[in-house]
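Engineer: Residue numbers (our numbering): 1 to 163. C-beta atoms are modelled at their ideal positions from N, C-alpha and C, and glycine is treated no differently. Sharing a structure here in structure tokens format.
Shown next as structure tokens:
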């Protein structure tokens, strides 16, 4: 059984800074800390020189059925709160998973959209390059036609001069 002892020097209430002229035996407090949860009983203090020692008995009051009913009600309420908190946590987790799935789907759509945009951009560049190439070929052919027409015109003029 653990015993606790509290020590304090004796001082008078009127002069707290006055020291006692001789050292005296300090009173001790002995606590018997054995606890019986259901059948509480008072542990009688041991008889030890009652003039110089102060003894205190530690006891636990007996619990009544209403105390146990109240504790059981509090326990049930706590269980209900835990169940509700668990449901809220599960709902939040499901919402979190749905949000993640929506974000992933939106990301896939954006990737697809970006891939289409990139394809159209690439195809547009290819067509633009083809158009530039065709315009260059067209200009080359047109210049050839003008040159041929000019040569033909010169040929006709030369033929006309010979007649």
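#1: Within its chain, find whatever has a CB closer than 7 angstroms to the CB of residue 133; leave out the 5 residues flanking it on each side and keep chain order.
#2: What are the start and end residues of the alpha helix (DSSP H) that includes residue 136?
#3: Could you name the residues of the same chain whose beta carbon sits closer than 7 angstroms to that of residue 154, not counting the 5 residues immediately before and after it, in chain order?
Structural biologist: According to the structure data:
#1: none
#2: 65-162
#3: none
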